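Peer 1: In the working numbering, the protein residues as written are 3 to 295.
Yeah, the Cβ is synthetic: ideal placement off N, Cα and C, and Gly gets one too.
It should be emphasised that the depicted structure is a prediction, and the values quoted were computed from it without experimental measurement.
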Amino acid sequence: MSAGVTAPTPELVGARRAEPPGEVASGLLAPQLTHIDAEPYYQPIGDEVAVFEAAYARCLPALLKGPTGCGKTRFVEYMAWRLKRPLVTVACHDDLTTADLVGRYLIIGNETVWVDGPLTAAVRAGAICYLDEIVEARKDTIVVIHPLADSRRVLAVDKRGEMVAAPASFMLAISYNPGYQSVLKEIKPSTRQRFVAMDFDYPEAVVEAGIVAREGGVDADTARRLVKLGELTRNFKGAGLDEGASTRLLVHAAQLIGAGIAPQAACTAAVARALSDDPDMTGTLDDLVRAVF
Ligand code: ADP
Numbered sequence: 003m004s005a006g007v008t009a010p011t012p013e014l015v016g017a018r019r020a021e022p023p024g025e026v027a028s029g030l031l032a033p034q035l036t037h038i039d040a041e042p043y044y045q046p047i048g049d050e051v052a053v054f055e056a057a058y059a060r061c062l063p064a065l066l067k068g069p070t071g072c073g074k075t076r077f078v079e080y081m082a083w084r085l086k087r088p089l090v091t092v093a094c095h096d097d098l099t100t101a102d103l104v105g106r107y108l109i110i111g112n113e114t115v116w117v118d119g120p121l122t123a124a125v126r127a128g129a130i131c132y133l134d135e136i137v138e139a140r141k142d143t144i145v146v147i148h149p150l151a152d153s154r155r156v157l158a159v160d161k162r163g164e165m166v167a168a169p170a171s172f173m174l175a176i177s178y179n180p181g182y183q184s185v186l187k188e189i190k191p192s193t194r195q196r197f198v199a200m201d202f203d204y205p206e207a208v209v210e211a212g213i214v215a216r217e218g219g220v221d222a223d224t225a226r227r228l229v230k231l232g233e234l235t236r237n238f239k240g241a242g243l244d245e246g247a248s249t250r251l252l253v254h255a256a257q258l259i260g261a262g263i264a265p266q267a268a269c270t271a272a273v274a275r276a277l278s279d280d281p282d283m284t285g286t287l288d289d290l291v292r293a294v295f
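As structure tokens, then:
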């Protein structure tokens, strides 16, 4: 990465609004920082709250590992509230460029305006920046977080020739799902060895039922059955399914039931059809639904 000033490479966005450029730029920035005023509901599973707090206090970045829909995002929202920091969340994908994270010059009206990307905005604001599913991002994009995730704690904004030092209140958190790991989508040791790693998984049945009852607004017996269904589907991981039903899917089924959909129909839509397109597999999942409800 060069620290020198490179020529601006403006991207034409057209005159979308009539405000002066400065206002447009801040308007683009504003939605990136979320201030969480009300306590998000988060049911701790182990010592993750204490570990995250200790990492935050020592300016260490966190890597949250675990299957989809097991509460990682909710946990980060809860920690942002608890630590009283704004939160910036980026869903990583394979088109995500360094400019998408760090920022870019835009042509607005007759002016060239620099607009911070979400990562830069988070560093400047001393926020918690959560990069969800980091392995989905391009390898050259992931490298930009390295100097932020070690003792240097700086972000190189190459296009402006600027090094932005992270204040103590800034924290980087990333997540990934080891279950999807493939040769192409592995988190490299040079990246992972910068982070305090924390394991997440679906909680034990009684705890998960509590989450499903509360989030889905269903009674305890319905929540218990939904969790039973979830457990049965998880037995098919690697045997027809990439992953079994997540807590998220069980909450979706509960929400449909709460909205008046019959339990079997709710589970078919929110769980069975969501998990697979394969006719044999969906037939098996339908059998599981009938066995539980
Ligand atoms: P992930 O980020 O791991 O994919 P989420 O945090 O989005 O998953 O969790 C999906 C949903 O599951 C949440 O919106 C919430 O309803 C529920 N959930 C999962 N785990 C918990 C938990 N420990 N406490 C509260 N809600 C949870």
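Could you give the distance in angstroms between the alpha-carbon of Pro66 and the alpha-carbon of Lys74?
Peer 2: Numbered from 1 along the sequence shown, position 64 holds the residue referred to as residue 66. Numbered from 1 along the sequence shown, position 72 holds the residue referred to as residue 74. The sequence shown places Leu at residue 66, not Pro. When rounded, the distance between both Cα atoms is 7 angstroms.
Peer 1: Leaving out the 5 sequence neighbours to the left and right, which residues in its chain are closer than 6 angstroms to Arg292 when beta-carbon positions are compared?
Peer 2: Translated into positions along the sequence shown, residue 292 becomes position 290. Counting only Cβ-Cβ distances below 6 angstroms, and skipping sequence neighbours, we find nothing.
Peer 1: Count the CB pairs spanning the region 78 to 91 and the region 50 to 57 that are closer than 8 angstroms, and state whether there are at least three.
Peer 2: Output reads yes: the region 50 to 57 touches the region 78 to 91.
Peer 1: Does the distance from the CB of His148 to the CB of Arg194 come in under 8 angstroms?
Peer 2: Residue mapping note: residue 148 aligns to position 146 of the sequence shown, counting from 1. Residue mapping note: residue 194 aligns to position 192 of the sequence shown, counting from 1. Not in contact: His148 and Arg194 (Cβ atoms no closer than 8 angstroms).
Peer 1: So, are the CB atoms of Ala40 and Val90 less than 8 angstroms apart?
Peer 2: Here the question's residue 40 lines up with position 38 in the sequence shown. Here the question's residue 90 lines up with position 88 in the sequence shown. Against a cut-off of 8 angstroms, the Cβ pair of Val90 and Ala40 comes out as no contact.
Peer 1: Is the beta carbon of Val294 sitting closer than 8 angstroms to the one on Leu252?
Peer 2: Position 292 of the sequence shown holds residue 294. Position 250 of the sequence shown holds residue 252. Going by C-beta atoms, Val294 is not nearer than 8 angstroms to Leu252.
Peer 1: Mapping the DSSP letters down to three states, classify Ile189 as helix, strand or coil.
Peer 2: On the sequence shown, residue 189 is found 187 positions in, with the first residue counted as 1. In the structure shown, Ile189 sits in coil (DSSP, three-state: anything other than H, G, I, E or B).
Peer 1: According to DSSP, simplified to helix, strand and coil, what is Arg106?
Peer 2: Walking along the sequence shown from the start, residue 106 turns up at place 104. Correct three-state label for Arg106: strand.
Peer 1: Find out if the Cβ-Cβ distance for the pair Arg87, Pro42 is shorter than 8 angstroms.
Peer 2: For the purposes of this step, residue 87 is taken as the residue at position 85 of the sequence shown. For the purposes of this step, residue 42 is taken as the residue at position 40 of the sequence shown. Taking 8 angstroms as the Cβ cut-off, Arg87 and Pro42 do not qualify as a contacting pair.
Peer 1: Using 7 angstroms as the cut-off, classify the Cβ of Gln257 as near or not near the heavy atoms of ligand 1, replying yes or no.
Peer 2: Position 255 of the sequence shown, counting from 1, holds the residue named residue 257. Checking the Cβ of Gln257 against ligand 1 gives no.
Peer 1: Assign Ile38 to one of three DSSP states: helix, strand, or coil.
Peer 2: Residue mapping note: residue 38 aligns to position 36 of the sequence shown, counting from 1. Coil at Ile38, not helix or strand.
Peer 1: Which of the three DSSP states is assigned to Val146 in this structure?
Peer 2: As a position in the sequence shown, residue 146 is number 144, starting the count at 1. Helix at Val146.
Peer 1: For Ala129, does the three-state DSSP call read helix, strand or coil?
Peer 2: Residue numbering aside, residue 129 sits at position 127 when the sequence shown is read from its first letter. Ala129 falls in the coil class under three-state DSSP.
Peer 1: Considering only heavy atoms of ligand 1, does any lie closer than 7 angstroms to the CB of Cys72?
Peer 2: Working through the sequence shown from its first residue, we reach residue 72 at position 70. Cys72 Cβ: within cutoff of ligand 1.
Peer 1: Less than 8 angstroms separating the beta-carbons of Leu277 and Ala268?
Peer 2: Locating residue 277 in the sequence shown gives position 275, counting from the first residue. Locating residue 268 in the sequence shown gives position 266, counting from the first residue. Against a cut-off of 8 angstroms, the Cβ pair of Ala268 and Leu277 comes out as no contact.
Peer 1: Taking the straight line between their C-alpha atoms, what separation do you get for Asp152 and Thr249?
Peer 2: In the sequence shown, counting from the first residue as 1, residue 152 sits at position 150. In the sequence shown, counting from the first residue as 1, residue 249 sits at position 247. Using only the alpha carbons, I get a separation of about 33 angstroms.
Peer 1: Should Glu217 be listed as close to ligand 1, given that the test is whether its C-beta is under 7 angstroms from any heavy atom?
Peer 2: What you label residue 217 is simply residue 215 of the sequence shown in a count that begins at 1. Glu217 Cβ: within cutoff of ligand 1.
Peer 1: Cβ atoms of Ala139 and Leu98: under 8 angstroms apart, would you say?
Peer 2: For the purposes of this step, residue 98 is identified with residue 96 of the sequence shown, where counting begins at 1. For the purposes of this step, residue 139 is identified with residue 137 of the sequence shown, where counting begins at 1. Taking 8 angstroms as the Cβ cut-off, Leu98 and Ala139 qualify as a contacting pair.
Peer 1: Curious, which full-length alpha helix (DSSP H) runs of at least 4 residues does the region 186 to 232 contain?
Peer 2: Whole alpha helix (DSSP H) segments, 4+ residues: 191 to 194 and 207 to 218.
Peer 1: Just reading off the beta strand (DSSP E) that Tyr178 is part of, what are its end residues?
Peer 2: Residue 178 sits at position 176 when you count from the first residue of the sequence shown. Run containing Tyr178: Met173 to Tyr178, per the beta strand (DSSP E) assignment.
Peer 1: So, under 8 angstroms CB-CB, Ser177 and Ile136 are touching, yes? Tell me the CB distance rounded to an integer number of Å.
Peer 2: Within the sequence shown, residue 177 is the residue found at index 175, counting from 1. Within the sequence shown, residue 136 is the residue found at index 134, counting from 1. Contact flag correct, Cβ pair sits at about 7 angstroms.
Peer 1: Thr91: beta carbon under 7 angstroms from a heavy atom of ligand 1?
Peer 2: As a first step, residue 91 must be located in the sequence shown, where it is residue number 89. Checking every heavy atom of ligand 1 against the Cβ of Thr91, none is found closer than 7 angstroms.
Peer 1: Measure from the alpha carbon of Asp142 to the alpha carbon of each residue in Met200, Asn179 and Cys94, then state which is nearest.
Peer 2: As a first step, residue 142 is located in the sequence shown; it is residue number 140 there, counting from the start. Taking only the C-alpha atoms, the option nearest Asp142 is Cys94.
Peer 1: Are Ala247 and Gly232 touching if we call contact CB-CB under 8 angstroms?
Peer 2: For the purposes of this step, residue 247 is identified with residue 245 of the sequence shown, where counting begins at 1. For the purposes of this step, residue 232 is identified with residue 230 of the sequence shown, where counting begins at 1. The answer is yes: Cβ separation under 8 angstroms.
Peer 1: Exposed or buried, what is Gly163 when buried is set at 16 or more other beta-carbons lying within 10 Å of its beta-carbon?
Peer 2: Translated into positions along the sequence shown, residue 163 becomes position 161. Under this definition Gly163 is an exposed residue.
Peer 1: Quick one: Cα of Asp280 to Cα of Leu35, how far?
Peer 2: In the sequence shown, the residue the question calls residue 280 occupies position 278. In the sequence shown, the residue the question calls residue 35 occupies position 33. Straight-line Cα distance between these residues: approximately 40 angstroms.
Peer 1: Between Asp134 and Val92, how many whole angstroms is the CB-CB distance? I'm expecting something under 8 angstroms.
Peer 2: Along the sequence shown, read from residue 1 onward, the residue named residue 134 stands at position 132. Along the sequence shown, read from residue 1 onward, the residue named residue 92 stands at position 90. Contact flag correct, Cβ pair sits at about 7 angstroms.
Peer 1: Skipping 5 residues on each side, what residues in its chain have a beta carbon closer than 7 angstroms to that of Leu62?
Peer 2: Taking the first residue of the sequence shown as 1, we reach residue 62 at position 60. Val198, listed in sequence order.
Peer 1: Among Ala241, Ala129 and Gly262, which residue has its Cα nearest to the Cα of Phe38?
Peer 2: As a first step, residue 38 is located in the sequence shown; it is residue number 36 there, counting from the start. The displayed chain sequence assigns Ile, not Phe, to residue 38. Looking at the Cα atoms, Ala129 is the closest of the given residues.
Peer 1: Taking 8 angstroms as the threshold (C-beta atoms), are Ala272 and Asp288 in contact?
Peer 2: Counting from 1 along the sequence shown, the entry for residue 288 is found at position 286. Counting from 1 along the sequence shown, the entry for residue 272 is found at position 270. Contact flag unset, no.
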